[in-house]
Amino acid sequence: MKYLKTHDEKCIGCNRCMSVCSMTFFKEDNFAKSAIQVRPKEEGGYQLIVCNQSYRNCVAECPTQAISINKLGVVLINKKLCINCLSCVAACPINAMMHFPGGLYPFKCVACGACVKECPTQALEIVQEESA
Ligand code: SF4
Ligand code: SF4
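Whatever position you read off the sequence shown (first residue = 1), add 185 for my numbering.
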């Protein structure tokens, strides 16, 4: 299984990961269009919200079978099948299926690793494990 592992305790809240994610997939520096979200915690520090590819409630809830799991265990959305019902967004227990107002499809982390290189504190890491 391949996924983006987060080390929240190392995050300094610079938001570079959100910029690079939205630039990579939407060609826009727009935090609302990032598949990783950086949230300040009340007690200090930051929480990183991103798909860990493991709950998969979205796959079960999608009425059109638009969501599948590839050979590496990465959960992917087929835009051609998606009807934008947002059942997957509601089903995700960690709020990692993203959607922005006016968006035609939900979107999520596909473990591409673009953000990993940009993080100045090594708070992000792509992990590939044997079992799916
Ligand atoms: S928004 Fe699209 S991918 Fe999500 S559950 Fe609905 S049809 Fe499936
Ligand atoms: S790039 Fe790294 S340090 Fe900056 S907000 Fe993202 S995870 Fe935190």
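Think of the CB as a built atom: it goes at the ideal place given N, C-alpha and C, for glycine as much as any other residue.
Please look up how many angstroms separate the CB atoms of residue i and residue j, rounded, as I've assumed it's under 8 Å.
| i | j | result |
| --- | --- | --- |
| E310 | M186 | With 8 Å as the limit, E310 and M186 do not qualify as a contact, their Cβ atoms being about 14 Å apart. |
| T191 | V235 | 6 Å |
| V244 | V260 | 7 Å |
I'd like to check one pair, residue j with residue i: are the Cβ atoms closer than 8 Å?
| i | j | result |
| --- | --- | --- |
| K293 | A281 | yes |
| C199 | L233 | no |
| D193 | G230 | yes |
| V274 | P291 | yes |
Count the other CB atoms within 10 Å of the CB of residue i; is the residue buried (16 or more) or exposed (fewer)?
| i | result |
| --- | --- |
| S272 | buried |
| P248 | exposed |
| P225 | exposed |
When you compare only the Cα positions, how much space is there between residue i and residue j?
| i | j | result |
| --- | --- | --- |
| D214 | F285 | 14 Å |
| Y188 | N237 | 6 Å |
| K265 | L289 | 11 Å |
| S253 | N263 | 8 Å |
| C297 | F211 | 14 Å |
| M208 | Q250 | 28 Å |
| A308 | V301 | 8 Å |
| N242 | P278 | 8 Å |
| N269 | C304 | 31 Å |
Item checked: Sufficient close CB pairs (3 or more, under 8 Å) joining the region 217 to 224 to the region 197 to 208 -> yes
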